[in-house]
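If you count the sequence shown from 1, position 161 lands on 166 in the numbering used here, and the numbers rise without skipping.
Notes to accompany the following structure.
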Amino acid sequence: MSDPSDLSDVEAAWEQGGFRVSGPSLPAQLAVVPVGALGLGLGSDLVPMAGSWRRSGGVGHFTPRFPAVAGTAYAVVRRADDRQAWLEFARVDVPAVRLVRSTVVERFDPACDEVPANLLRFALTFSAPMEEGSASGCVALLDESGAELPGSLLGMPPELWDREGRRLTVILEPGRIKRGLQPNVQAGPPLVERSSVTLAVDARLRDASGAALAAGASRTYRIGPPVRSRVDPALWNVRWPSATGAPLVVRFDRPLDRALVRRCLVAVGEGGHPVPGTASLASSATEWTFTPAPGSLPAALRVDTRLEDLAGNSVRRVFDRDLGLPADASIDPGTLILRPATASPTPR
Numbered sequence: 006m007s008d009p010s011d012l013s014d015v016e017a018a019w020e021q022g023g024f025r026v027s028g029p030s031l032p033a034q035l036a037v038v039p040v041g042a043l044g045l046g047l048g049s050d051l052v053p054m055a056g057s058w059r060r061s062g063g064v065g066h067f068t069p070r071f072p073a074v075a076g077t078a079y080a081v082v083r084r085a086d087d088r089q090a091w092l093e094f095a096r097v098d099v100p101a102v103r104l105v106r107s108t109v110v111e112r113f114d115p116a117c118d119e120v121p122a123n124l125l126r127f128a129l130t131f132s133a134p135m136e137e138g139s140a141s142g143c144v145a146l147l148d149e150s151g152a153e154l155p156g157s158l159l160g161m162p163p164e165l166w167d168r169e170g171r172r173l174t175v176i177l178e179p180g181r182i183k184r185g186l187q188p189n190v191q192a193g194p195p196l197v198e199r200s201s202v203t204l205a206v207d208a209r210l211r212d213a214s215g216a217a218l219a220a221g222a223s224r225t226y227r228i229g230p231p232v233r234s235r236v237d238p239a240l241w242n243v244r245w246p247s248a249t250g251a252p253l254v255v256r257f258d259r260p261l262d263r264a265l266v267r268r269c270l271v272a273v274g275e276g277g278h279p280v281p282g283t284a285s286l287a288s289s290a291t292e293w294t295f296t297p298a299p300g301s302l303p304a305a306l307r308v309d310t311r312l313e314d315l316a317g318n319s320v321r322r323v324f325d326r327d328l329g330l331p332a333d334a335s336i337d338p339g340t341l342i343l344r345p346a347t348a349s350p351t352p353r
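Okay, here's the thing in structure tokens:
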């Protein structure tokens, strides 16, 4: 697993929030992993810490994307190219600090009480940046008796964190959602209509400082009928502002994915440029409000066709498509424009 002969002239240390490695001849490829991950092997499927390397001469400095965990040992591994297995190159101990358990789960998404039987994903938002790599085994989907539903969630790693390390996306097993695929045929769908499930977060989940959560958290959902149709902006109820500074309010025909709403809806002016202002989404994810800056007036709403509902259906296509239904056919990618005059979307 390690090559002691390569370690004699290598120095590695924790420095200014990153890992500093120096030596007479640094390998072509370097990566950092928790020492605990070495027990899983050093094959080509090793998942290194996310971050960036900076090299100058015989010195390499790695800045992790998410803060390293205090009091944890990390291994620097190396290889010459992608065809070779990783070899341990050096070890670094990140100094321990006094841990304060203050981080909590701020939000569960979906935030509605009922979700479709073909729900694609959950999302958890925490009050502070979290440690990357500790979510596996700390997030579970439970049935009505409190027993874990095996194979219902897509395995981790990789863990799907946002750039701030505060929002974790938890995906249900897609192969069990799509009808006709072997996982669906053999194990059935992960969610059953007219039942209920609970998404549970164990307090052992750690934040970026290495501290466990202040408390575990959970949310229970009723399972409604599946939704298998494209998101259609023509079905939205849009209240256009009648004067500058008045809000633009859009009521959807179903709950939409919170993160994608933020990215896929843009209020634009007559020239097609974004209008300054602030947007908010109701907790139910069924109503979006855009309040323009003083003196501004939205002329249209730009809709990216990647916008999805809770079941992964987008404006562009149905996630679990029935090939025999013309209504399920995908549309061309791009954007749609909603305008007050037409009250219906026009492609762009």
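A virtual CB, placed ideally from N, CA and C, is assigned to each residue, including glycine.
Since we're looking at a predicted model, the values are computed, not measured.
Could you check which residue in the options has the C-alpha nearest to that of residue i?
{"i": "P69", "options": "S301, L51, V99, F24", "result": "F24"}
{"i": "M135", "options": "E169, L270, P155", "result": "E169"}
{"i": "I228", "options": "D148, P53, D309, V110", "result": "D148"}
{"i": "P246", "options": "P163, P345, P188", "result": "P345"}
{"i": "V26", "options": "V82, V202, V144, P188", "result": "V82"}
{"i": "V232", "options": "L125, L154, L343", "result": "L125"}
{"i": "G65", "options": "T108, W19, D118, R199", "result": "W19"}
{"i": "R199", "options": "Q34, P179, P230, E153", "result": "P230"}
{"i": "G22", "options": "I182, G56, S319, F94", "result": "G56"}
{"i": "R181", "options": "P155, L253, C143, E16", "result": "P155"}
{"i": "V266", "options": "G276, F295, E178", "result": "F295"}
{"i": "G138", "options": "E93, P162, R256, T77", "result": "P162"}
{"i": "L302", "options": "P29, T130, T249", "result": "T249"}
{"i": "R259", "options": "G277, N318, R60", "result": "N318"}
{"i": "G339", "options": "H278, R326, L312", "result": "L312"}
Quick check on residue i: does DSSP put it in helix, strand or coil?
{"i": "R112", "result": "strand"}
{"i": "V280", "result": "coil"}
{"i": "L124", "result": "coil"}
{"i": "P179", "result": "helix"}
{"i": "V40", "result": "helix"}
{"i": "V197", "result": "coil"}
{"i": "P297", "result": "strand"}
{"i": "M6", "result": "The predicted position of M6 is uncertain, since its pLDDT is 40 and thus under 50; no value can be drawn from it."}
{"i": "R267", "result": "helix"}
{"i": "L35", "result": "strand"}
{"i": "L204", "result": "strand"}
{"i": "L104", "result": "coil"}
{"i": "L154", "result": "coil"}
{"i": "L4", "result": "Summary: the structure shown does not reach residue 4, with the chain confined to residues 6 through 353, and so no result is reported for it."}
{"i": "L159", "result": "coil"}
{"i": "L45", "result": "helix"}
{"i": "S223", "result": "strand"}
Looking at residue j and residue i, is the spacing between their C-beta atoms short of 8 Å?
{"i": "R116", "j": "R96", "result": "Inspection of the sequence shows that residue 116 is occupied by Ala rather than by Arg. No. Outside cutoff."}
{"i": "V280", "j": "P297", "result": "yes"}
{"i": "L341", "j": "T310", "result": "yes"}
{"i": "A90", "j": "G48", "result": "yes"}
{"i": "A216", "j": "A208", "result": "no"}
{"i": "R322", "j": "R263", "result": "no"}
{"i": "L186", "j": "L173", "result": "no"}
{"i": "P100", "j": "A133", "result": "no"}
{"i": "A122", "j": "P188", "result": "no"}
{"i": "L51", "j": "V40", "result": "no"}
{"i": "F67", "j": "A213", "result": "no"}
{"i": "L270", "j": "W293", "result": "yes"}
{"i": "A290", "j": "L261", "result": "yes"}
{"i": "V109", "j": "L218", "result": "yes"}
{"i": "L196", "j": "V202", "result": "yes"}
{"i": "L159", "j": "E153", "result": "no"}
{"i": "A354", "j": "V273", "result": "Look at the range of the chain in this structure, 6 to 353, and you will see that residue 354 is not part of it."}
{"i": "V144", "j": "V120", "result": "no"}
{"i": "P238", "j": "V320", "result": "yes"}
{"i": "S223", "j": "L210", "result": "no"}
{"i": "V15", "j": "F94", "result": "yes"}
{"i": "A33", "j": "A73", "result": "no"}
{"i": "L129", "j": "V255", "result": "no"}
Tell me, please, which residues DSSP counts as bridged to residue i.
{"i": "F24", "result": "W19, F67"}
{"i": "F257", "result": "Note: F257 sits in no beta bridge, so no partner."}
{"i": "L165", "result": "T174"}
{"i": "I228", "result": "V120"}
{"i": "E292", "result": "R256"}
{"i": "E313", "result": "S319"}
In the DSSP assignment, find the alpha helix (DSSP H) that holds residue i and state where it starts and stops.
{"i": "N318", "result": "It is not in any alpha helix (DSSP H) - N318 carries neither H nor E in the DSSP assignment."}
{"i": "P188", "result": "187-192"}
For the beta strand (DSSP E) containing residue i, list its first residue and its last residue.
{"i": "V144", "result": "144-147"}
{"i": "R96", "result": "92-98"}
{"i": "L270", "result": "270-273"}
{"i": "L343", "result": "340-343"}
{"i": "V236", "result": "V236 -> no beta strand (DSSP E), and no H or E assigned at all."}
{"i": "V308", "result": "305-309"}
{"i": "W58", "result": "56-61"}
{"i": "R83", "result": "78-84"}
{"i": "R244", "result": "242-244"}
So is the beta-carbon of residue i under 7 Å away from any non-hydrogen atom of the ligand ZN?
{"i": "L240", "result": "This structure simply doesn't include the ligand ZN, nor any ligand for that matter."}
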